[in-house]
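Asker: Residue numbers (this note's numbering): 5 to 551. Using N, Cα and C, we set each Cβ at its ideal position, and we do this for glycine too. Okay, here's the structure, questions in a sec.
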């Protein structure tokens, strides 16, 4: 066995673990007690909080468990707006949490209940990650104290990343719940690899189904585990391919659920997958490369030392493989079970494959890095074990300091109180069931270069109304969004046929032309009402039209 540098006393490692968990909990707590107003933290928080509120109204199994973006409880005549890009686990978990505690909508209690689900998942993630690293390193090093030091180092690196300590409270299917559940699959697989049997297989299968309930991203892990088992255990090749087949069957089951939901179909599901898998355009690719080069936006989630961490992945992998080969040539007995290189691959490949399959996420989502921290933290811990523990402690403290300094910056990025303010103003001026058509296809208040709409989910959540983006509606009607005359004609027809009360929420990014003002005036009833004196946003009552 290769001689390793000495490890610190056990209490030092336990102290680091405790400080990491407390630091993450404290940092996530800074997002509590506030409305949904921070770009993706606000957009997705309001989206899944609204779906959860709909589950509370109609029941978890209403409409076969469909996640609804419209207002539930409107009766059988209302056509539901289904958001089925992901399984319903996150919103259902939020609904269960709020139902148990009787959460009300006032004083940001519902926002905090929404954040509580991913925040708890983040703490569970750190615990599962520490356990997984300890099991693998204890077997490799045959030294429990060294394994404890490695686990503490890995957890500190993960905890120091804003991707964990800020976005740990981020409510989204691609976030802490699915990542924690994926680690549960890995732990079950690690044991099943060492101890074959029906019980282990059932544990892996149950963990796979549970993880997939949060998001399909979780299914990368059992597929890769099955391939890993087939490649490393020739005698269990059938079991490995059986696990792959089981994971694919679970995915097929979820697809079958989606396409049978109201208003959904195979074509709509395929369209959603196609949009998410489409490669970014040249302008988006340029923006992505610019962010990559300057350590801004997305990559601040891993703090500026991300280049070093990324470099440590192949270094740690090569070190593990070379050590094993050297020991094998010397006749040293090899430990049975998942090794360092195997765990590193199983942690790293899911986020990499996901980024390759869905390149649009590299540009659109700040949080697309959510799956990388465990792989980077583990690689850093493996490399750190080759250093004297005093040097490693200095490195850990330095990296944690970088992470702590990054928390306020990330928290203050793109704070936008307007969506919540507009939603609350709409709730006072409209009735449940009213339809609000936004006059913009992209968000006029967003600082993001791609102008992605960040307001709609928050307006929907705080108004509790059916909000329709102009772009979505006009594309569905085959109307060019640039033609306001046609846009209003489409809205007239919808208002006349649906029997709903329609409003037009207009937020002009520039002074509208006289022709546009005339078109709006001819389509609306009475004078427009300014929603709030601080912003130039007006509410019009649309009138049905015979033209």
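Classify residue 513 as helix, strand or coil using the three-state DSSP reduction.
Answerer: By one-based count along the chain shown, residue 513 stands at place 509. Below a pLDDT of 50, predicted positions are generally treated as unreliable, and residue 513, at 47, falls in that range; the measurement from the model is reported next regardless. Correct three-state label for residue 513: coil.
Asker: Give me the Cβ distance between residue 380 and residue 317, rounded to the nearest whole Å; I'm assuming they're in contact under 8 Å.
Answerer: Residue 380 sits at position 376 when you count from the first residue of the chain shown. Residue 317 sits at position 313 when you count from the first residue of the chain shown. Right, their Cβ atoms sit about 7 Å apart.
Asker: Out of 172, 169, 230, point me to the one whose CA is closest to residue 192's CA.
Answerer: Position 188 of the chain shown, counted from the first residue, corresponds to residue 192. Checked all of 172, 169, 230; the closest Cα to residue 192 is 230.
Asker: Assuming residue 531 is part of the beta strand (DSSP E), what are its boundary residues?
Answerer: Stepping through the chain shown from its first residue, residue 531 is reached at position 527. Residues 528-534.
Asker: Take residue 214 and list the residues in its own chain whose beta-carbon comes closer than 8 Å to its own, dropping the five residues that flank it on each side.
Answerer: Within the chain shown, residue 214 is the residue found at index 210, counting from 1. Cβ within range, chain order: 185, 188.
Asker: Is it buried or exposed for residue 63, if we count other Cβ within 10 angstroms and need 16 for buried?
Answerer: Against the chain shown, residue 63 aligns to sequence position 59. Classification of residue 63: exposed, given that the 10 Å Cβ count is below 16.
Asker: Using only alpha-carbon positions, find the residue among 157, 113, 129 that is nearest to residue 16.
Answerer: Counted from its first residue, the chain shown places residue 16 at position 12. For the residues 157, 113, 129, the minimum Cα distance to residue 16 belongs to 157.
Asker: For residue 94, report the span of its alpha helix (DSSP H) as first-last.
Answerer: Here residue 94 corresponds to residue number 90 of the chain shown, with the count starting at 1. Note, residue 94: alpha helix (DSSP H), 93-105.
Asker: State the Cα-Cα distance for the pair residue 221 and residue 56, rounded to the nearest angstrom.
Answerer: Taking the chain shown and counting its residues from 1, one reaches residue 221 at position 217. Taking the chain shown and counting its residues from 1, one reaches residue 56 at position 52. Going from the Cα of residue 221 to the Cα of residue 56 covers about 21 Å.
Asker: Per DSSP, residue 440 forms a beta bridge with which residues?
Answerer: Start at 1 with the first residue of the chain shown, and residue 440 comes out as number 436. Per DSSP, 471, 507.
Asker: Taking the alpha-carbon of residue 306 as reference, which of 355, 244, 167 has the nearest alpha-carbon?
Answerer: Indexing the chain shown from 1 puts residue 306 at position 302. When only C-alpha atoms are compared, the closest one is 167.
Asker: Between the beta-carbon of residue 14 and the beta-carbon of residue 159, is there less than 8 Å?
Answerer: Within the chain shown, the letter at position 10 stands for residue 14. Within the chain shown, the letter at position 155 stands for residue 159. It is not a contact, given that the beta carbons lie outside the stated cut-off.
Asker: Could you name the residues that DSSP lists as bridge partners for residue 42?
Answerer: Taking the chain shown and counting its residues from 1, one reaches residue 42 at position 38. BP columns for residue 42 point to 419.
Asker: Pop quiz: residue 121 and residue 175 are said to be a contact at Cβ under 8 Å. What is the actual Cβ separation, rounded to whole angstroms?
Answerer: As a first step, residue 121 must be located in the chain shown, where it is residue number 117. As a first step, residue 175 must be located in the chain shown, where it is residue number 171. Confirmed, Cβ separation roughly 7 Å.
Asker: Mapping the DSSP letters down to three states, classify residue 541 as helix, strand or coil.
Answerer: Counting from 1 along the chain shown, the entry for residue 541 is found at position 537. The answer is strand: DSSP assigns residue 541 an E or B state.
Asker: Is there contact here, the segment 402-412 with the segment 35-46, by at least three beta-carbon pairs under 8 Å?
Answerer: Cβ pair count under 8 Å is below three, so no.
Asker: Under 8 Å, with one C-beta from each stretch per pair, do the segment 87-102 and the segment 136-150 reach the 3-pair mark?
Answerer: No, because fewer than three Cβ pairs between the segment 87-102 and the segment 136-150 fall closer than 8 Å, the two stretches do not touch.
Asker: By the 10 Å Cβ neighbour count, where 16 or more other Cβ atoms means buried, how is residue 427 classified, buried or exposed?
Answerer: In the chain shown, counting from the first residue as 1, residue 427 sits at position 423. With 16 or more Cβ atoms within 10 Å of its Cβ, residue 427 is classed as buried.
Asker: Where does residue 44 land, buried or exposed, given buried means 16+ other C-beta within 10 angstroms?
Answerer: As a working note, residue 44 is residue 40 in the chain shown. Per the 10 Å Cβ criterion, buried.
Asker: Checking 8 Å against the spacing of the C-beta atoms, do residue 40 and residue 374 come in under that value?
Answerer: In the chain shown, residue 40 corresponds to position 36, counting from 1. In the chain shown, residue 374 corresponds to position 370, counting from 1. No.
Asker: Determine, using beta carbons only, whether residue 355 and residue 376 come nearer to each other than 8 Å.
Answerer: Within the chain shown, numbered from 1, the residue matching residue 355 stands at position 351. Within the chain shown, numbered from 1, the residue matching residue 376 stands at position 372. For residue 355 and residue 376, yes; Cβs fall inside 8 Å.
Asker: When burial is assigned at 16 or more other CB atoms within 10 Å of the CB, is residue 441 buried or exposed?
Answerer: Within the chain shown, numbered from 1, the residue matching residue 441 stands at position 437. It counts as buried.
Asker: Going by CA-CA distance only, name the one from 199, 153, 424 that's closest to residue 394.
Answerer: Here the question's residue 394 lines up with position 390 in the chain shown. Nearest of 199, 153, 424 to residue 394, Cα basis: 153.
Asker: Across which residues does DSSP place residue 272 in a beta bridge pair?
Answerer: Within the chain shown, numbered from 1, the residue matching residue 272 stands at position 268. According to DSSP, which records beta bridges pairwise, residue 272 is partnered with nothing at all.
Asker: The alpha helix (DSSP H) spanning residue 232 covers which residue range?
Answerer: In the chain shown, the residue the question calls residue 232 occupies position 228. First-last of the alpha helix (DSSP H) with residue 232: 224-236.
Asker: Take the Cβ of residue 372 as the centre, count every other Cβ of all protein chains shown within 10 Å, and call the residue buried at 16 or more, exposed below.
Answerer: On the chain shown, residue 372 is found 368 positions in, with the first residue counted as 1. That one is buried.
Asker: At what residues does the alpha helix (DSSP H) containing residue 241 begin and finish?
Answerer: Numbered from 1 along the chain shown, position 237 holds the residue referred to as residue 241. Per DSSP, residue 241 belongs to the alpha helix (DSSP H) from 241-263.
Asker: Helix, strand or coil for residue 114? Go by DSSP, reduced to three states.
Answerer: In the chain shown, the residue the question calls residue 114 occupies position 110. Correct three-state label for residue 114: helix.
Asker: Out of 60, 391, 344, 244, point me to the one whose CA is closest to residue 114's CA.
Answerer: Translated into the one-based positions of the chain shown, residue 114 becomes position 110. Checking every option, the nearest Cα to that of residue 114 belongs to 60.
Asker: For the alpha helix (DSSP H) that contains residue 197, what are its first and last residues?
Answerer: Residue mapping note: residue 197 aligns to position 193 of the chain shown, counting from 1. Unbroken alpha helix (DSSP H) run through residue 197: 180-198.
Asker: Within this structure, are the beta carbons of residue 88 and residue 71 separated by less than 8 Å?
Answerer: In the chain shown, residue 88 corresponds to position 84, counting from 1. In the chain shown, residue 71 corresponds to position 67, counting from 1. Contact flag set, yes.
Asker: Would residue 587 be called buried (16 or more neighbouring beta carbons within 10 Å of its own) or exposed?
Answerer: In the structure as shown, the chain begins at 5 and stops at 551. Residue 587 is therefore absent and cannot be evaluated.
Asker: What does a CB cutoff of less than 8 Å around residue 537 pick up in its chain, not counting 5 residues either side in sequence?
Answerer: For the purposes of this step, residue 537 is taken as the residue at position 533 of the chain shown. Counting only Cβ-Cβ distances below 8 Å, and skipping sequence neighbours, we find nothing.
Asker: Grouping DSSP H, G and I as helix and E and B as strand, with all else coil, what is residue 390?
Answerer: Position 386 of the chain shown, counting from 1, holds the residue named residue 390. Residue 390 falls in the coil class under three-state DSSP.
Asker: Answer with buried or exposed for residue 534, where buried requires no fewer than 16 other C-beta atoms within 10 angstroms of its C-beta.
Answerer: As a position in the chain shown, residue 534 is number 530, starting the count at 1. Under this definition residue 534 is an exposed residue.
Asker: So residue 363 is in the alpha helix (DSSP H); what residue range does that whole segment cover?
Answerer: As a working note, residue 363 is residue 359 in the chain shown. That residue, residue 363, is in no alpha helix (DSSP H); it is neither H nor E in DSSP.
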